[in-house]
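Here the sequence shown is numbered in the UniProt record's numbering, starting from 1 and rising by one per residue.
Ideal placement from N, C-alpha and C gives every residue a C-beta, glycine not left out.
Here the structure is a predicted model, which means the values were calculated and not measured.
Please read the structure below before turning to the comments.
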Amino acid sequence: MSAIIGAPINSKTAYILDKFLKNQEEIQKHSATKVKTIFASEDITFAEKLKKILQKYDLNHEIITSKPNRPKNAKNRIWNIVSARNAIREYFLKSKAEYLIFMDADMIFEPEIVNKLIKIAEKGYDVVYNAYLDRGNPNGINLTGFGGTLIKRWVIEKVKFRCKEKIGRVIDEGVFFEFDLVKIGARVYRGFIAYSEHHDPKRPPSICHPRKLSFSERIRNDIRFRFVFHAISIPLCYDILWNVSMMLKR
Numbered sequence: 001m002s003a004i005i006g007a008p009i010n011s012k013t014a015y016i017l018d019k020f021l022k023n024q025e026e027i028q029k030h031s032a033t034k035v036k037t038i039f040a041s042e043d044i045t046f047a048e049k050l051k052k053i054l055q056k057y058d059l060n061h062e063i064i065t066s067k068p069n070r071p072k073n074a075k076n077r078i079w080n081i082v083s084a085r086n087a088i089r090e091y092f093l094k095s096k097a098e099y100l101i102f103m104d105a106d107m108i109f110e111p112e113i114v115n116k117l118i119k120i121a122e123k124g125y126d127v128v129y130n131a132y133l134d135r136g137n138p139n140g141i142n143l144t145g146f147g148g149t150l151i152k153r154w155v156i157e158k159v160k161f162r163c164k165e166k167i168g169r170v171i172d173e174g175v176f177f178e179f180d181l182v183k184i185g186a187r188v189y190r191g192f193i194a195y196s197e198h199h200d201p202k203r204p205p206s207i208c209h210p211r212k213l214s215f216s217e218r219i220r221n222d223i224r225f226r227f228v229f230h231a232i233s234i235p236l237c238y239d240i241l242w243n244v245s246m247m248l249k250r
């Protein structure tokens, strides 16, 4: 059994790079399964810099580069992220690893996170989301992002990451991914599984501890419930659920 940790990264998201790399060392040392961390960046200059920095760390890793396929006049950085995720996806599919686990470069996790995610996956779940708090917003709960998300091989074989941008409005890869999970019949688990810190360059980190989901959290984040809104949001290029959540936070 083995797993690949995929980390999209560039100079703008690497503001806790030393902490993140030390955390990856700890995660690999504590994981019961063999783990390799794959760093993907669209910035070749940054990738070369990262290569030199990683010489100081005892980390099973590889650095790959991606080329964003953004439409003309596209402005959102989401295209860089999607490109990096797909580069990691292609690397994973060429490997023999059973699990792909995405971890964001602005986050720190407890060393046991891989073991905890795999333990849940072994109960029959195909995708396991580790809930975390939004960056700079300790009240903003995120149960649908890729900050510590495990995905089984058969799901990665069927789903490619994608996004959409139109007149400044964006549908990110998380929305499309959830939409595709329902279409392929994947079994999804969401929960506050492992301790995490979501760092912001201008504010203290948002710290999240393991706990049970409340009833309302389970309902709001049920993938079938969300699928209906995604099916409407995607053609309109207007993320209904995200915009509603932003209005409620005001």
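Residue i in three-state terms, based on DSSP
i: residue 160; result: coil
i: residue 209; result: coil
i: residue 90; result: helix
i: residue 152; result: strand
i: residue 100; result: strand
i: residue 201; result: coil
i: residue 174; result: helix
i: residue 214; result: coil
i: residue 74; result: coil
i: residue 120; result: helix
i: residue 234; result: helix
i: residue 81; result: helix
i: residue 245; result: helix
i: residue 184; result: helix
i: residue 69; result: coil
i: residue 12; result: coil
i: residue 18; result: helix
Beta-bridge pairing of residue i - partner residues as DSSP gives them
i: residue 7; result: 39
i: residue 169; result: 166
i: residue 191; result: 130
i: residue 196; result: 109 and 208
i: residue 48; result: Beta-bridge pairing links residue 48 to no other residue.
i: residue 61; result: 37
i: residue 221; result: The partner list for residue 221 (beta bridge, DSSP) is empty, contrary to what the question assumes.
i: residue 142; result: 132
i: residue 2; result: 34
Residue i and residue j closer than 8 Å at C-beta
i: residue 150; j: residue 108; result: no
i: residue 91; j: residue 38; result: yes
i: residue 143; j: residue 190; result: yes
i: residue 130; j: residue 196; result: yes
i: residue 59; j: residue 26; result: no
i: residue 156; j: residue 89; result: yes
i: residue 175; j: residue 234; result: yes
Pairwise C-alpha distance: residue j and residue i
i: residue 242; j: residue 207; result: 21 Å
i: residue 166; j: residue 1; result: 42 Å
i: residue 120; j: residue 75; result: 38 Å
i: residue 73; j: residue 53; result: 34 Å
i: residue 200; j: residue 106; result: 7 Å
i: residue 85; j: residue 69; result: 12 Å
i: residue 147; j: residue 128; result: 11 Å
i: residue 226; j: residue 220; result: 8 Å
i: residue 172; j: residue 55; result: 34 Å
i: residue 160; j: residue 216; result: 30 Å
i: residue 36; j: residue 181; result: 25 Å
i: residue 229; j: residue 79; result: 22 Å
i: residue 154; j: residue 188; result: 13 Å
i: residue 82; j: residue 42; result: 10 Å
i: residue 192; j: residue 29; result: 22 Å
i: residue 132; j: residue 141; result: 6 Å
Any non-hydrogen atom of the ligand ZN within 7 Å of residue i CB
i: residue 194; result: Among the ligands in the structure shown, none appear at all, so the ligand ZN cannot be discussed.
is_contact[residue i, chain B] using C-beta, thresh 8 Å
i: residue 63; result: As a matter of chain content, chain B is missing from the structure shown, which is built from one protein chain.
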